[in-house]
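Basically the working numbering = 1-based index in the sequence shown + 1254.
The C-beta atom is built at its ideal place from N, Cα and C for all residues, glycine as well.
Some notes on the structure that comes next.
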Amino acid sequence: MMSLLEVLQGAAKFLDKQGVEQPRLNAEHLLAHVLGVKRLELYLQFDRPLGEKERAPLRDLVRKRGKGVPLQHLLGTVEFCGRTFLCDSRALIPRTETEQLVERALTYKTPSSRPRSILDVATGSGIIALSLALEWPEAKITATDISQLALSLAHENALLHGVTSVEFLEADLLPPTQKNDQFDLITANLPYISSVEIPTLSREVQYDPTLALDGGVGGLDLINRFIPLATTRLIQGGHILLEIGKDQDLQVMECLERHNYSDILALPDYQGVLRFIEAAHG
């Protein structure tokens, strides 16, 4: 028998040798997952003996993590805006920065007293649309994605959180033409990585769907196509809120200016990178 602490230390040492960032934290998450307890509860059980029944599944998970399989895929969940969502290879793993996009969206006021009408484009696992729906239960929210696999995960997340107010649609950017809804707010976390950069990304990112990463040769193909299209669905004075890549702010702002958006503003993430662009229609 080995103690929980000894098992934890061994797993962390192995992950460190495999080049995994924050090896001890990763080992704690995996062990807590295997034991079915919260991570912090491990600190109260360091002397607990662990037999082969517990150690075998942990070894398998640690081995996969050491090969670069993302921690979120191994756990099957991700924390986002204080909530737990399902997460797997069907959609992009939500980034911490995207929580700030939701925080910013929640600051917008509607031009009138009517319920909010929101469109979330490239919704992936649905975390933006569902996070907004959970904060604004009266809002009417539509979420689109071109990937059926991503939408299936989004539906599962909606079911997990009991959200029925979000309509998920398979679409290339905007909802089908027969749906002529106008929106107060359009959010979009579109692919913005250059095609040539994708092979150089970390091994963890390689597990994300290429469809959710690839923004074309310059990284802005989809964003540049989307910006003029969004004007057809935004109400006068409605807002568009985009997540972008590093050093893409000037190009995106220029594109918005060309298509007659106003009040264009670049907003930094917590690292100081200009990560978000907002603008008003008209």
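(message) Within 10 Å of its beta-carbon, does Asp1517 have 16 or more other beta-carbons around it, so buried, or fewer, so exposed?
(response) Numbered from its first residue, the sequence shown carries residue 1517 at position 263. Per the 10 Å Cβ criterion, exposed.
(message) Between which two residues does the alpha helix (DSSP H) holding Lys1394 run?
(response) The count along the sequence shown starts at 1 and reaches residue 1394 at position 140. Careful: Lys1394 lies outside any alpha helix (DSSP H), inside the beta strand (DSSP E) at 1394 to 1399.
(message) What residue range does the beta strand (DSSP E) around Leu1285 cover?
(response) One-based indexing of the sequence shown puts residue 1285 at position 31. Run containing Leu1285: none in the beta strand (DSSP E); it sits in the alpha helix (DSSP H), 1277 to 1289.
(message) Which same chain residues end up closer than 7 Å to Lys1500 when comparing Cβ atoms and leaving out the 5 residues on each side of it in sequence?
(response) By 1-based counting over the sequence shown, the position of residue 1500 is 246. The answer, listed in chain order, is Val1527.
(request) Can you tell me the Cβ-Cβ gap for Asn1411 and Ser1385, rounded? I've got them flagged as a contact below 8 Å. (result) As a working note, residue 1411 is residue 157 in the sequence shown. As a working note, residue 1385 is residue 131 in the sequence shown. The pair is not a contact, with the Cβ atoms about 10 Å apart (cut-off 8 Å).
(request) To the nearest angstrom, report how far apart Tyr1446 and Leu1403 are at their CA atoms. (result) Here residue 1446 refers to the residue found at position 192 of the sequence shown. Here residue 1403 refers to the residue found at position 149 of the sequence shown. If I take the Cα positions, the gap works out to 20 Å.
(request) Specify whether the stretch 1293 to 1307 and the stretch 1255 to 1269 touch according to this definition: at least 3 beta carbon pairs, one from each stretch, less than 8 Å apart. (result) With contact defined as three or more Cβ pairs closer than 8 Å, the stretch 1293 to 1307 and the stretch 1255 to 1269 are in contact.
(message) Once the 5 residues before and after Tyr1515 are set aside, which same chain residues still bring their CB inside 6 Å of it?
(response) Translated into positions along the sequence shown, residue 1515 becomes position 261. Same-chain partners within the cutoff: Ala1533.
(request) Count the other C-beta atoms from every protein chain shown that fall within 10 angstroms of the C-beta of Ser1406, then say buried if there are 16 or more, exposed otherwise. (result) Here the question's residue 1406 lines up with position 152 in the sequence shown. So Ser1406 ends up on the exposed side.
(request) Quick one: residues in its chain with C-beta nearer than 7 Å to the C-beta of Ala1442, no 5 flanking neighbours on either side, listed in chain order? (result) Sequence index remark: in the sequence shown, residue 1442 carries index 188 (1-based). These residues qualify, in order along the chain: Val1375, Ala1376, Phe1480, Leu1496.
(request) Using 10 angstroms around the beta-carbon of Leu1328, count the other beta-carbons present and answer buried if the total reaches 16, otherwise exposed. (result) Here residue 1328 refers to the residue found at position 74 when the sequence shown is read from its first residue. Result: buried.
(message) With a threshold of 8 Å, are at least 3 pairs of Cβ atoms found where one atom belongs to the stretch 1422 to 1437 and the other to the stretch 1383 to 1399?
(response) yes
(message) Which residue marks the beginning of the alpha helix (DSSP H) containing Gly1492, and which one marks its end?
(response) For this step, residue 1492 is matched to residue 238 along the sequence shown. Not the alpha helix (DSSP H): Gly1492 falls in the beta strand (DSSP E), residues 1488 to 1497.
(request) Please state whether DSSP places Asp1513 in a helix, a strand or coil. (result) Counted from its first residue, the sequence shown places residue 1513 at position 259. The question names Asp, yet the displayed sequence has His at residue 1513. Correct three-state label for His1513: coil.
(message) By the three-class DSSP mapping on this structure, what secondary structure does Ala1541 have?
(response) An answer regarding residue 1541 cannot be provided, because it is not within the stretch 1255 to 1536 covered by the chain.
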